[in-house]
Structures are given as structure tokens and as C-alpha cells.
Amino acid sequence: MDLALIAHHDVFPAARAVALGLTRADLRRLLRERRIVRLHRGWYATRQPRDAADLHRLRVEALLAEYDGRAVATDASALLRLGIATWRPDLKRVHLALTDPDLNRHRKSDLVVHPHRPAAPLLAARPAAGTVHPAVAIASAGLKDPRSFLVPADDALRRGLVTPAELDAAVDSLGRRHGAAGVRAARDWCDPRHESPGETLLAHLLRLAGYDLEPQFVVPGTGRWTRGGQGYRADLRLRGTRVLVEFDGRVKYEDRQALWEEKLREDRIRSLGWVVVRVTMADLRDPAAVRARIDAALALVAA
Numbered sequence: 092m093d094l095a096l097i098a099h100h101d102v103f104p105a106a107r108a109v110a111l112g113l114t115r116a117d118l119r120r121l122l123r124e125r126r127i128v129r130l131h132r133g134w135y136a137t138r139q140p141r142d143a144a145d146l147h148r149l150r151v152e153a154l155l156a157e158y159d160g161r162a163v164a165t166d167a168s169a170l171l172r173l174g175i176a177t178w179r180p181d182l183k184r185v186h187l188a189l190t191d192p193d194l195n196r197h198r199k200s201d202l203v204v205h206p207h208r209p210a211a212p213l214l215a216a217r218p219a220a221g222t223v224h225p226a227v228a229i230a231s232a233g234l235k236d237p238r239s240f241l242v243p244a245d246d247a248l249r250r251g252l253v254t255p256a257e258l259d260a261a262v263d264s265l266g267r268r269h270g271a272a273g274v275r276a277a278r279d280w281c282d283p284r285h286e287s288p289g290e291t292l293l294a295h296l297l298r299l300a301g302y303d304l305e306p307q308f309v310v311p312g313t314g315r316w317t318r319g320g321q322g323y324r325a326d327l328r329l330r331g332t333r334v335l336v337e338f339d340g341r342v343k344y345e346d347r348q349a350l351w352e353e354k355l356r357e358d359r360i361r362s363l364g365w366v367v368v369r370v371t372m373a374d375l376r377d378p379a380a381v382r383a384r385i386d387a388a389l390a391l392v393a394a
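Once you know that position 104 of the sequence shown is 195 in the numbering used here, the rest is easy, because the numbers rise by one and skip nothing.
1) Once the 5 residues before and after residue 219 are set aside, which same chain residues still bring their CB inside 8 Å of it?
2) I believe residue 296 touches residue 304 by the beta-carbon criterion, under 8 Å. Please report the beta-carbon distance rounded to the nearest angstrom.
3) Let me make sure I understand the geometry here. Which of 292, 319 and 351 has the alpha-carbon closest to that of residue 326?
4) Apart from the five residues on each side of it in sequence, which residues of its chain come closer than 8 Å, Cβ to Cβ, to residue 366?
5) Alpha carbon to alpha carbon, how far is residue 157 from residue 101? Give it in angstroms, no decimals.
6) Considering only DSSP beta bridges, list what residue 134 is partnered with.
7) Does DSSP put residue 307 in a helix, a strand or coil?
8) For the beta strand (DSSP E) containing residue 326, name the first residue and the last one.
9) In the stretch 198–251, which residue ranges form an unbroken beta strand (DSSP E) of at least 3 residues, counting only runs that do not cross its ends?
10) Which residue marks the beginning of the alpha helix (DSSP H) containing residue 337, and which one marks its end?
11) Looking at C-alpha atoms only, which residue of 230, 190 and 300 is the closest neighbour of residue 269?
12) I'd like the ranges of any alpha helix (DSSP H) spanning at least 4 consecutive residues and lying wholly in the stretch 271–301.
13) Any contact of the stretch 238–253 with the stretch 210–218, i.e. 3+ C-beta pairs under 8 Å?
14) If you follow the alpha helix (DSSP H) that residue 119 is part of, which residue opens it and which one closes it?
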């Protein structure tokens, strides 16, 4: 039997496989042969997950099928299903929200089923997508940590998946839930000009330290080196200064040509009197050290 024929979104229930002729012994054999993967009781995937996030997505698919329209994904589970950026999502627990007010919420070690919460028309759930409204998922994910709100919020705003009005409404709907105050405090820092989670996290750190930022700053005088004269863009500029802050992601330097072009770009920017501070994801683990480097750069341009 070709299991792909009975699977939906790469998952299938054991009961359906048995009804079509497979035995429990067959399923155990397929598990040993790594042709299927057990997701939770009674549900399997027809392929090996690529990573922990992909395994989580497969589990979400299985649980949505099991609830058969009575629940949708929420929190980080919804963000992963929708392909929206996340920051340190809890991959061990699937989060669902009930669409039926008569059903009871419950919590297990690997599953959290939230109660039905009526939403304004602006934030209606999207059963066809199997998720709550993206803005609701973003706001709910942020209850754990404001960074878990800012990273998907910036990504979704930049890609046009949510509007500022929808985000505002979703944040307001959190009410007095634990962690809501932190999400509300971070709301004004959402910015679609941040082009990666790393840039969002860097901007968050610098804003907490009291710096005023200009994201995607076009460096004056660099148009002569760029196609169409648009000029080089820096990730962040400290407003009113000649200090630029760039987030360094690993992907940028996997190609030797890209590495050379980035060095040439920075040399040209520095030649115009700008100071460039480069920050990696690892650097963000030591905010005090990042701030010391920024302050040293400010002192250098002021000398």
C-alpha cells in the first residue's frame, strides 16, 4: 500500500491504515524501517522530519486532523504552520485553540488546548488555514517573552501577512493575561524594516539600552558604488551620529565572493568617516559587551 495515498499533509491515522488492510504488525515494521514516524498515539507521518521544527509541524497537522475542525493552531504552533519567523519556540508542546465553546480546554505534557475565545471580526480565526488569525498567534506567542512577539511581528509586517491595526487589536485582546504587559510595552518597537530575526533582536537590545535607531539607513555618498545609485543600506544607524550597527548572519559569509563584496562595501563606508559595529547572534548573549562596543564607537566619532 502506498501510504502517501491515505495521508493528508504527510500524516495519517493508524485506524485508516488498518481499515484499508494494514495490520498493527505492518505499522511496527514500517516504524523499524524508518518509512513512517510516530507522531502521537494513533497518528503517523509518511516521512522523516527535517528537524525539530518540522516534527512539530507534522504533529500540528495530525492533531488538527484529529480535532476535525473543532480546533485551530495558535501561538508558536500557528506561526510554524504559517511559515512566520519565531524566536525560541516551545517545540515540545503543540498549542491548539478550540473553535467550539462547548468543548473543554486541557493541558498535557506535549499538548495545550486553549479555551474558545471569541475574537473581533478583524481577528477571526482562519479554519481553512488551520490557525487563529496570524496577529493573534503573534501576540499569544509573545506572552512568553517580548522577543517572541517582536520577531514574528516584524516578519509578518514586512511580508504583508498582518497590518499594524491587526497587531494592535491582537495585543489589546490579551487583556490581563500573564506576560501581556511586556507585549504591550514592545508593541511600538515593531518595524517591518528589520529584515531578519537577528536584526529584530539586535534592535530590541539597543532600544532597551536607550539608543534611538534608524533601521535600513541609506549611507550618504555611497550611491556611486551601487547599481542605480541607490546607495549602501546599513541595518541600523544610531540617530544623529556617524555610528552604524550591522547584524552579521552566518549565511552572509558562506560564499567567498559575498565575503569579499561585504569587505569592500564596509571599507568604502568607513572611508567616508562612518564607524561600523558588527554584531553576531552569539554577541547578543552578552548585552553589556555589545553596549560597551557601541559606546566605544560613539566616543570614537566624537573624538
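We put the beta carbon where it would ideally sit given N, CA and C, even for glycine.
Computed from a predicted structure; not experimentally measured.
On the basis of the supplied data:
1) none
2) At roughly 11 Å, the Cβ-Cβ gap does not stay under 8 Å, so residue 296 and residue 304 are not in contact.
3) 292
4) 333, 334, 335, 388, 391 and 392
5) 14 Å
6) 104 and 131
7) In the structure shown, residue 307 adopts extended strand secondary structure according to DSSP, grouped into three states.
8) 324–329
9) List check, beta strand (DSSP E) in window: 202–205.
10) First-last for residue 337: 334–339, but that is the beta strand (DSSP E), not the alpha helix (DSSP H).
11) 230
12) 271–277 and 288–299
13) The answer is no - the stretch 210–218 does not touch the stretch 238–253, with fewer than three Cβ pairs under 8 Å.
14) Here the alpha helix (DSSP H) through residue 119 covers 115–123.
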